[in-house]
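The sequence shown: position 124 = 125 (the working numbering), numbered continuously.
In this text, a Cβ means the ideal position worked out from N, Cα and C, and glycines have one as well.
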Amino acid sequence: MADAKISALSPVSTPLAGTEVLPIVQSGSTKKVTVDQMIAAQLAANIITESGTTRTLSASDNQKVIYCTSGSATTINCAAALGAGFNVTIIQGGAGKVTVAANSQTLVSYSSLFSTMGQYAVISLICPVANTFVAAGNLGV
Numbered sequence: 002m003a004d005a006k007i008s009a010l011s012p013v014s015t016p017l018a019g020t021e022v023l024p025i026v027q028s029g030s031t032k033k034v035t036v037d038q039m040i041a042a043q044l045a046a047n048i049i050t051e052s053g054t055t056r057t058l059s060a061s062d063n064q065k066v067i068y069c070t071s072g073s074a075t076t077i078n079c080a081a082a083l084g085a086g087f088n089v090t091i092i093q094g095g096a097g098k099v100t101v102a103a104n105s106q107t108l109v110s111y112s113s114l115f116s117t118m119g120q121y122a123v124i125s126l127i128c129p130v131a132n133t134f135v136a137a138g139n140l141g142v
């Protein structure tokens with residue numbers, strides 16, 4: 002079936018084992034990759050390490066994990082025009098507390114708190130409607 006069109010192939014059986022081999026073009030050469038390798042590469046690409054003490058969110062942060070490693074306090078600023086559906090997960094990986102700031106956006110949380118509780122605390126930041134961010138997770142003072 003090497004010459005068959007993709008549309009002529011039968012559907013795959015699920016669940017996948019992860020060991021299935023697929024062709025992929027990398028740097029102009031066709032190579033093989035397993036489903037597990039593709040998933041692992043995608044997961045690794047979704048983690049952003051932030052070693053600084055300030056960051057303003059951008060569209061490229063959507064659906065990513067920001068791992069904050071600073072020993073000093075870090076501020077993550079909400080930005081305009083990220084749009085409904087934007088979401089990001091923030092982890093305090095270092096000793097410095099991470100605080101989410103509204104800038105000119107609307108920022109709310111159930112507890113009205115916007116900082117991590119301590120090292121390894123996790124905050125989810127979700128934008129259900131344009132320019133409104135909801136913070137949830139391990140929030141403290």
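Query	Result
Boundaries of the alpha helix (DSSP H) in which A102 is found, first to last residue	Counting along the chain, A102 falls outside any alpha helix (DSSP H), though it belongs to the beta strand (DSSP E) covering V99 to A102.
Cβ pair count under 8 Å reaching 3, the segment 30–41 against the segment 50–60	no
Residues near V135 by beta carbon distance below 6 Å, same chain, minus five either side	V109 and I127
Option nearest M118 by Cα separation, candidates V130, G19, I91 and T20	I91
Through-space distance from V13 to T133, alpha-carbon basis	41 Å
Minimum C-alpha distance to S125 - residue among T70, V66 and A18	V66
C-alpha gap between V22 and S61, whole angstroms	30 Å
Cutoff 6 Å; reference T76; Cβ partners in own chain excluding five residues on either side	T55, T100 and A102
V36 in three-state terms, based on DSSP	helix
Residue(s) in a DSSP beta bridge with V130	T133
L44 burial status per 10 Å Cβ neighbour count (16 or more: buried)	exposed
DSSP-derived helix/strand/coil call for S52	coil
Whether N104 touches A81 by CB criterion (9 Å)	yes
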